[in-house]
Amino acid sequence: MKLAIYNEYTRNQLHAAGKKAYAEGLHKEIASIFDGSKDVEVKFLSTLKDLLEHTANDITAETLADVDVLIWWGHCDHDKVPDEVVDAVIKRVHEGMGIIFLHSAHFSKVIKKLLGTPCSLTWRECGEAERIWTADVDHPISQGVEQGFRLPHEEMYGEHFNIPKPDDVVFIGWYQGGDVFRSGVTFTRGEGRVFYFQPGHETFPTYKNANIRKIINNAVLWCGKQEDKIAKVNKKYKDAPNVRPCEQVHKLFHHVGKVHHGKEVDE
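Just so we're aligned: 17 in this note's numbering is position 31 of the sequence shown, and the numbers increase by one with no gaps anywhere.
In structure tokens:
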């Protein structure tokens, strides 16, 4: 399977905080997920500069012709992406190419045209922690991902996320500030599969997290229609386990009972 990765690679990624998180750019960090992969070959990495200067790594109908999956990351310069690039990408998605939109790519021209909605949301950047919860344990993208894994710092994206009803809500994000978000959702457009995944602010080392890398690897295989290469390892609860809180909470009651066979009993 052939993969292409687009990262605008401007402004915020080039200042000190961005360089500290990803010295060579987050596109190269994402590409490293597939180092040594027998299933995925990274065909080319593209930046906004490549699009504007029409380098060999430009995104065109020709360079996308044999690409199976495209990963798209953008933030500050969505409006500078040429319309002919947008049209070429959308045409290939309709023909069967998979596409993965990461983080602030929710405002890219491509996803808004594909989904037909503004893709607006709420946001806050204060470095709070985020937990990613698997909502669909059967989905190939969620296989082998730790339930409720914690990112120590992430930009908050909150509801309402103005998108069409997804085919699947695979992940839900929860933030220390109390907000929640449909952080991993899928769509189908024409013959192509679409996955949007929220984590990935450019000044936090999110793409170095093992669970995030697992999700992106799975997403590429799923978007490329090779989910048969993803082992189904997730387990389902057979009963209703009582679980401990994963974040610190204040004890609200001196007496906490539990229901057993329809009756409340002491712990």
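Note that beta-carbon positions come from the ideal geometry of N, C-alpha and C, so glycine has one too.
Given residue i as reference, the closest of the options once Cα atoms are compared
i: Ala196; options: Val55, Gln133, Glu(-6) and Ile76; result: Gln133
i: Ser169; options: Glu70, Val71, Gly11 and Asn148; result: Asn148
i: His139; options: Asp65, Glu10 and Arg117; result: Arg117
i: Arg97; options: Thr120, Pro185, Ile201 and Ile57; result: Just to set this straight, residue 97 is Ile in the shown sequence, not Arg. Nearest of Thr120, Pro185, Ile201 and Ile57 to Ile97, Cα basis: Ile57.
i: Ala217; options: Asp44, His125, Ser18 and Ala9; result: His125
i: Gly163; options: Glu145, Met83 and Asn220; result: Glu145
i: Ser106; options: Lys77, Tyr143, Gln129 and Gly84; result: Tyr143
i: Lys215; options: Ala7, Ser23 and Lys14; result: Ser23
i: Ala9; options: Thr41, Ser90 and Pro191; result: Pro191
i: Glu141; options: Lys194, Val123, Gln129 and His89; result: His89
C-beta contact flag for residue i and residue j at 8 angstroms
i: Gly4; j: Glu188; result: yes
i: Val166; j: Phe173; result: no
i: Lys(-12); j: Val71; result: no
i: His92; j: Tyr182; result: yes
i: Ile127; j: Asn204; result: yes
i: Ile202; j: Ile16; result: yes
i: Gly254; j: Asn(-7); result: Residue 254 is absent from the structure shown; the chain starts at -13 and stops at 253.
i: Val79; j: Gly178; result: yes
i: Trp119; j: Trp160; result: yes
i: Gly102; j: Pro150; result: yes
i: Lys66; j: Leu34; result: yes
Coil, strand or helix - residue i by DSSP
i: Phe271; result: Absent from the model: residue 271. The displayed extent of the chain is -13 to 253, so no value can be given.
i: Asp165; result: coil
i: Leu88; result: strand
i: Ser94; result: coil
i: Phe20; result: helix
i: Asn43; result: coil
i: Ala(-10); result: strand
i: Arg230; result: coil
i: Ser128; result: helix
i: Gln(-1); result: helix
i: Asp73; result: helix
i: Ile118; result: strand
i: Gly176; result: coil
i: Ile216; result: coil
i: Lys29; result: strand
i: Val206; result: helix
i: Asp65; result: helix
i: Val79; result: helix
i: Tyr36; result: The sequence shown places Asp at residue 36, rather than the Tyr named in the question. Asp36: helix per DSSP, three-state reduction.
i: Ile57; result: strand
i: Leu137; result: strand
Whole-angstrom distance between residue j and residue i, CA atom to CA atom
i: Val251; j: Gly176; result: Any reading at Val251 needs caution, since the residue's pLDDT is 48, under 50, leaving its predicted position unreliable; the model's value is listed next. Rounded to the nearest angstrom, the two C-alpha atoms are 55 angstroms apart.
i: Leu37; j: Thr(-4); result: 13 angstroms
i: Pro68; j: Cys232; result: 45 angstroms
i: Arg199; j: Asp225; result: 30 angstroms
i: Val131; j: Glu213; result: 15 angstroms
i: Ile45; j: Val75; result: 8 angstroms
i: Ile86; j: Asp25; result: 17 angstroms
i: Glu253; j: Lys222; result: Here Glu253 scores only 47 on pLDDT, less than 50, and its place in the model is too uncertain to base an answer on.
i: Ser18; j: Pro227; result: 38 angstroms
i: Phe135; j: Ile158; result: 11 angstroms
i: Leu137; j: His1; result: 22 angstroms
i: Asn43; j: Tyr193; result: 22 angstroms
*Does the stretch 44 to 64 come within contact of the stretch 13 to 30, defined as at least 3 CB pairs closer than 8 angstroms?*
yes
*Could you say if the stretch 107 to 116 and the stretch 206 to 224 meet the contact criterion of at least three C-beta pairs nearer than 8 angstroms?*
No, because fewer than three Cβ pairs between the stretch 107 to 116 and the stretch 206 to 224 fall closer than 8 angstroms, the two stretches do not touch.
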